[in-house]
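Those sequence lines, one after another, are chains Z and S. If you're matching positions, the first sequence starts at 1 in my numbering and goes up one per residue. If you're matching positions, the second sequence starts at 1001 in my numbering and goes up one per residue. For every residue, glycine included, the Cβ atom is placed at its ideal position computed from N, Cα and C.
Number of protein chains: 2
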Amino acid sequence: MKQTLAEIISIGDEILYGQTLDTNSHWISGALDQIGIKVIRKSTVPDIEAEILTSFQEAEKRADVILITGGLGPTKDDLTKPLLAKYFGVDLVMNQDALNDIEQLFTKANRKMTDLNRMQAELPANCDKITNQLGTAPGMWFKERGKIFVSMPGVPYEMKRMMTDFIIPRLQKELVNYHVVHQMIMTIGIPESSLAEKIRDWEEALPKHLKLAYLPTKNTVKLRITASGPDRDVLKKDIHEQVDKLKPLIEKYVFGFDEGNIEYFIGKMLKEANKTVACAESCTGGFLSHLITSIPGSSAYFKGAVIAYSNEVKHNMLNVDTETLEKHGAVSEEVVIQMAKNVREKLNADVGLSISGVAGPDGGTEEKPVGLIWFGYSDKEKTIAKKYNFSKDRILNIEFGARKALDLLRINLSEK
Amino acid sequence: MKQTLAEIISIGDEILYGQTLDTNSHWISGALDQIGIKVIRKSTVPDIEAEILTSFQEAEKRADVILITGGLGPTKDDLTKPLLAKYFGVDLVMNQDALNDIEQLFTKANRKMTDLNRMQAELPANCDKITNQLGTAPGMWFKERGKIFVSMPGVPYEMKRMMTDFIIPRLQKELVNYHVVHQMIMTIGIPESSLAEKIRDWEEALPKHLKLAYLPTKNTVKLRITASGPDRDVLKKDIHEQVDKLKPLIEKYVFGFDEGNIEYFIGKMLKEANKTVACAESCTGGFLSHLITSIPGSSAYFKGAVIAYSNEVKHNMLNVDTETLEKHGAVSEEVVIQMAKNVREKLNADVGLSISGVAGPDGGTEEKPVGLIWFGYSDKEKTIAKKYNFSKDRILNIEFGARKALDLLRINLSEK
Chain Z
1 MKQTLAEIIS IGDEILYGQT LDTNSHWISG ALDQIGIKVI RKSTVPDIEA
51 EILTSFQEAE KRADVILITG GLGPTKDDLT KPLLAKYFGV DLVMNQDALN
101 DIEQLFTKAN RKMTDLNRMQ AELPANCDKI TNQLGTAPGM WFKERGKIFV
151 SMPGVPYEMK RMMTDFIIPR LQKELVNYHV VHQMIMTIGI PESSLAEKIR
201 DWEEALPKHL KLAYLPTKNT VKLRITASGP DRDVLKKDIH EQVDKLKPLI
251 EKYVFGFDEG NIEYFIGKML KEANKTVACA ESCTGGFLSH LITSIPGSSA
301 YFKGAVIAYS NEVKHNMLNV DTETLEKHGA VSEEVVIQMA KNVREKLNAD
351 VGLSISGVAG PDGGTEEKPV GLIWFGYSDK EKTIAKKYNF SKDRILNIEF
401 GARKALDLLR INLSEK
Chain S
1001 MKQTLAEIIS IGDEILYGQT LDTNSHWISG ALDQIGIKVI RKSTVPDIEA
1051 EILTSFQEAE KRADVILITG GLGPTKDDLT KPLLAKYFGV DLVMNQDALN
1101 DIEQLFTKAN RKMTDLNRMQ AELPANCDKI TNQLGTAPGM WFKERGKIFV
1151 SMPGVPYEMK RMMTDFIIPR LQKELVNYHV VHQMIMTIGI PESSLAEKIR
1201 DWEEALPKHL KLAYLPTKNT VKLRITASGP DRDVLKKDIH EQVDKLKPLI
1251 EKYVFGFDEG NIEYFIGKML KEANKTVACA ESCTGGFLSH LITSIPGSSA
1301 YFKGAVIAYS NEVKHNMLNV DTETLEKHGA VSEEVVIQMA KNVREKLNAD
1351 VGLSISGVAG PDGGTEEKPV GLIWFGYSDK EKTIAKKYNF SKDRILNIEF
1401 GARKALDLLR INLSEK
C-alpha cells in the first residue's frame, strides 16, 4: 500500500514580498495529515505565467494530489484559471451552475453583478465546479492522467469552507486508506541535545514505522512520535507502548502529552490543585503575568501581580526591606525571597512567584551580568530561590525568564 | 541593471504536517524586499534526502541567492548540513572557530557540552561560518558557480539574529547595483480603509517609481513608501517631497516615521518629557506593562504596575472602593478612574494608566459584552476615562487593548 502524496501551491506576489503570511498552506497541511495524506512539498510562486505553469509540471511529477490556492479573483492579475485551461489544453466555457451560484450571492447581498463577476463563472471544460459558499470565485476539481488537481480561492475562509464541505470528503472517497497517528510529548527545562542523549537507546530501538521528531521552541522541546500504516488502532497501540518505555527516562522534564504550551499546562495544574498564584515581577516586566492570563479562565487561579520595576515600588508595594535592597541589590536571592513571600501574602494567594534579573542590554556588571535572573517560589510551607544565566538578548531574557518561572511552579506543584 | 532574485527553502516535516506555521520565510521575504532583492519562489520540503537535494538544484537554476532554513539541529533527523556538503562535493571538517563559539555558549550557561554539540561545529569545507549568537548550530555561507547559498537554523530568533547581524549586510555588500529606499509612516487609531480615503488623491498623484503599501498590524497601520532606481540620493529626495505633502492630511494619526512600534515611540516621548508612568491592569493581565518594558532603557520612565485581576487585589493594592466595585462592577468608568489615579499616587509616578474590560471568551453580559474595555488616564491635572468595544477574541482584546492605552497616553502627552 502506498501513501497518497500531496503538494500545495500558493500563488501570489503578496506572499513572496512578505506582505501576506501564508496561513492557508499550513491549514491545508494539517487537514490532509488528519486523513492520512502526506504533503511532500509546499511552494509559493509569483503571479507570472511561466512560473505558475512550471510549478504545475513539477508538482504533477511528484504528487498524486495537487492543491492550488490563489489567483482566482476577477482582476487581470489573477492567472490561475486560464493557466489551468492552458495546462490541460481545454477551453474556458460558461458553467451555468456556477453562474447561478454567483447570481444568488449578489441577490442575497443586494448588490449589482458586474461583467467581471459573470466571467468568474467561465471554467475550464474538463473540471468539476466546487461551490464557493462565501465568495464569487468557484473552486475547480480536475482528474487528469491519474492525478487530482484542485484549485481554490486564496481567501482563507472561502478556501476552508470548500475543503471542509467538498474537497476533504471527496478525497477520502476516492483515495485508499492509509493512516498517520501522532503523539506529542511536551518537555521543558532540558535542551534538545541533552534530551537526545538521554533517550538515544530508546530512539534507536524504535520500530521502523515509528518516527521521532524534536521540535524546540523557546525553552520547551516538543517530541513528536509519528506512526503510519494501514490500521489506526494498531498504530495507536504501538505508540502507546513506546511512550510507556520513554516516560521513565525523562519523567521530570515532561509537562504534558497534548499540544499545548507551558502556561496552559500550569493553568490545568493549578485548577486541579485548587490553588491560586500571585506574581512579583521585576525584569520580566509583566510578561509572566501575560503568559498566565493569556489562557481563558485564568481568573480562577490568578490573583494578580505587582510589577516592581523600581526599587521604590519593590519597597512600597511589596515591603522588600530597603536595607536588603541596598546590601544585596535588587537582583539577589534575598530580594526574590521577600518578593515571592510578600506578594503571596499581600495578594492572599496560595503560591507566590518572583523574578528579578538583568534583562539588558544595559545594567550588567561583572558580578551580575546581563542574562542573570533570580527566581523565587513561595507557598505556605517553604520559600526558595534559584538563579539561572540566560542570554545577552533582552527579549529572549524576558521570554525565557517568564517560562522558567512557570517551570519552577510546575516542579514545586508536582512535588506535592 | 538586473534585480537580484532569491529563493527560500524551508526544510522540515513539521511544516508539511501542519504542526508548525512557517513564519520564517515570511520574515525573510520582508527583509529581502527591504534591500531590493526579489523573492521568486518559496518551497517547503520534507526531511528526506532526495527531496532536499532536488530543491537545491531547482533553486540554483532560478535564483541568484538561495536561503535555506531548518534541519541544522544536533539530532539525526537534521539533514541539511551533510546534504549541502554532498551537493557541493566537499567533506565536513571541524571548524575551530565554530567550536569556540559553541564552547563559549556552554561555558556561559554553565552547562556541559555533549558530543552531539561538538559535531555541530563540523562544517562543509567550502563554506564561511556564520556565528549563531543564540544557539549551537552555526549558519553557513556558500559562494559557488556564481550563486550564493545560505543555510540557517529554523529557530526563528536564531535565524533573525543571523540575518540582521551578518547576512543582510553581506548581501548588500556583494550585490549593490540597484537601490530600493523605503520610508515608513506609522499611524494609530484609524482603520486602513478610512486612511486610504483620506489620502486617495495624494496616492493617485504619486510618481511611477514610488509605490505605497498599507501594512496593518493590530491597531496601527504602517504606510510604506518604496522608491526604486539607480540613484539612492534622488530616491531619498523624491520620497521626502511626497512625505511633506502627505503629513498635513493625516497629522493626528501619525506617531512616527521610523520602523518602530507605539511602545518605542511612547518611550521616546516620556523620556523627552522627563515623565514616569505606572499602570493598573485588569483584563490585559500584564501585557501593557510588557509592551512598555520590552523597550531597552524603559526603567528610566516605567515605575511599575499592579495587575489587579481580582476585585480583592483592586481593593487591597489599589484602594478601589468596595462600594464602587459592587455598585458599578469592575468594568466601569468609576473603577478605571480610581485605578489610574491611585496607581499614579501609590507608585509615585507622573502618569497613571488603567485598563479594565471583558477579555473573553467568558464573562460577557448583555450590558457588558466580551470586548468592552474601559481605559483610565491620570496626571496631576486631570483624570479621564474612555471606553471602546473590541472583538470576541481574547488574545486580540488583550493586544488591541494594551496598544489603545498607549495611544491614550500619546494623545494626552502630546496635548501638553
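- With respect to A278(Z), V343(Z) sits close: the two C-beta atoms are nearer than 8 Å.
- Any Cβ of chain Z closer than 8 Å to the Cβ of H1328(S) would place that residue at the interface, and such an atom is absent.
- Counting the other Cβ atoms within 10 Å of the Cβ of A137(Z) gives 16 or more, which makes it buried.
- Runs of the alpha helix (DSSP H) lying entirely within the segment 217-266 of chain Z and spanning at least 4 residues, in chain order: 232-250.
- Using a Cβ-Cβ cut-off of 8 Å, E1014(S) is close to A213, L215 and R224 of chain Z, given in chain order.
- Interface residue (Cβ-Cβ distance to chain Z less than 8 Å): D1033(S) is classified as such.
- In terms of beta-carbon proximity, F255(Z) stays away from the interface with chain S, with every pair separated by 8 Å or more.
- Taking 8 Å as the cut-off, the Cβ atoms of V1045(S) and A1006(S) do not count as close.
- The segment 1001-1081 of chain S is shown to contain whole beta strand (DSSP E) runs of 3 or more residues at 1005-1011, 1038-1045 and 1065-1069, in chain order.
- The residues Y87, in chain order, have a CB closer than 6 Å to that of F56(Z) in the same chain once the five nearest residues on each side in sequence are set aside.
- Only residues of its own chain outside the window of five on either side were considered, and among them G135 and T136 have a CB closer than 8 Å to the CB of L105(Z), listed in chain order.
- For the segment 300-330 of chain Z, the set of positions with a beta-carbon nearer than 9 Å to some beta-carbon of chain S reads F302, K303, G304, A305, V306, I307, A308, Y309, S310, E312, V313, K314, N316 and M317 in chain order.
- Contact annotation: the segment 1287-1302 of chain S touches the segment 359-374 of chain Z, with at least three C-beta pairs closer than 8 Å.
- Annotation: T1107(S) to E334(Z) spans about 26 Å, alpha carbon to alpha carbon.
- Annotated as proximal: I68(Z) and F149(Z), with beta-carbon spacing under 8 Å.
- Interface annotation for the segment 1044-1061 of chain S against chain Z: T1044, V1045, P1046, D1047, I1048, E1051, T1054, S1055 and E1058, criterion Cβ-Cβ distance under 9 Å.
- Closer than 8 Å at the C-beta level to chain S, one finds these residues of the segment 393-416 of chain Z: D393, R394, I395, L396 and I398.
- For I1295(S), the three-state secondary structure derived from DSSP is coil.
- Taken through DSSP and simplified to helix, strand or coil, Y1157(S) comes out as helix.
- Distances from the CA of T383(Z) to each of L353(Z), P230(Z), I199(Z) and S282(Z) were compared; the closest alpha carbon is that of L353(Z).
- For T187(Z), the uninterrupted beta strand (DSSP E) segment begins and ends at H179 to I188.
- Interface flag for S1378(S) against chain Z is unset, since no Cβ pair is found closer than 8 Å.
- Annotation: L1067(S) has no Cβ neighbours in chain Z at a cutoff of 8 Å; minimum Cβ distance is about 12 Å.
- Close to I40(Z), with beta-carbon spacing below 9 Å, are these residues of chain S in chain order: L1016, V1045, P1046, I1048 and E1051.
- Here Y1301(S) has G1267, L1270, K1271, K1275, T1276 and V1277 as same chain residues with Cβ atoms under 7 Å from its own Cβ, once five neighbours each way along the sequence are excluded.
- With a minimum length of 4 residues, the unbroken runs of alpha helix (DSSP H) contained wholly in the segment 1317-1372 of chain S fall at 1322-1328 and 1333-1346.
- Around the beta-carbon of Y157(Z), fewer than 16 other beta-carbon atoms lie within 10 Å, marking it exposed.
- Residue pairing from DSSP places I130(Z) in a beta bridge opposite G139(Z).
- Residues of the segment 179-198 of chain Z with a C-beta atom less than 7 Å from some C-beta of chain S are E192, S193, S194, A196 and E197, listed in chain order.
- For N348(Z), at least one C-beta of chain S is nearer than 8 Å to its own C-beta.
- For the segment 1152-1164 of chain S, residues whose beta-carbon sits nearer than 8 Å to a beta-carbon of chain Z comprise V1155, Y1157 and R1161.
- Shown here, S378(Z) sits in a strand according to DSSP, grouped into three states.
- Classified as buried, Q1019(S) has 16 or more neighbouring CB atoms from the shown chains inside 10 Å of its CB.
- By the CB criterion at 8 Å, L1099(S) and E197(Z) fall outside the cutoff.
- Contact between the segment 252-259 of chain Z and the segment 380-398 of chain Z is absent, with fewer than three C-beta pairs closer than 8 Å.
- By the CB criterion at 8 Å, D97(Z) and K143(Z) fall outside the cutoff.
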